[in-house]
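Student:
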Amino acid sequence: SGLRRESTKQAARRRKLSALRKRAIENGLTQCQIRWEGVCTGQHEGWHHRKKRSAGGDDSETNIVLSCNACNSMVEDEPAAARRRGLVL
């Protein structure tokens, strides 16, 4: 069919992030934690890694925060402001 199977490593990462999402929801964290004024939609749509995985960051609870897509984009577009806010390591 042309579709590649998910690797063992990818499956493990997906399970870990699912477990983190479930714990966040159980703890009442269902909205964006970045809350960038003027752009935030408020809805948790994904994760923001404070230290990018490509730079050696991981999927630990201390390195990721719930974010909406708009806030995650602002972090990428405004790295200096994001660093001042503690969103980038």
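Numbering follows this note's numbering, in which position 70 of the sequence shown is assigned residue number 1409; successive positions increment by one, without gaps. For glycine and all other residues, C-beta sits at the position ideal for the given N, C-alpha and C.
Would you list the one or two residues that DSSP bridges to GLN1372?
Tutor: Looking at the DSSP assignment, GLN1372 forms no beta bridge with any residue, so it has no partner.
Student: Looking at the secondary structure, which residues open and close the alpha helix (DSSP H) in which SER1406 lies?
Tutor: Segment 1403-1406 is the beta strand (DSSP E) holding SER1406; no alpha helix (DSSP H) there.
Student: Would a C-beta distance cut-off of 8 Å place HIS1388 and ILE1373 closer than the cut-off?
Tutor: Remark: C-beta atoms of HIS1388 and ILE1373 do not approach each other more closely than 8 Å.
Student: DSSP puts GLY1385 in a beta bridge; with which residues?
Tutor: BP columns for GLY1385 point to SER1406.
Student: Taking only the alpha-carbon atoms, compute the straight-line gap between TRP1386 and ASN1411 and give it to the nearest angstrom.
Tutor: Answer to the nearest angstrom: the Cα atoms are 8 Å apart.
Student: DSSP state of ASN1289, grouped into three classes?
Tutor: No answer is possible for residue 1289: the residues shown for the chain start at 1340 and end at 1428.
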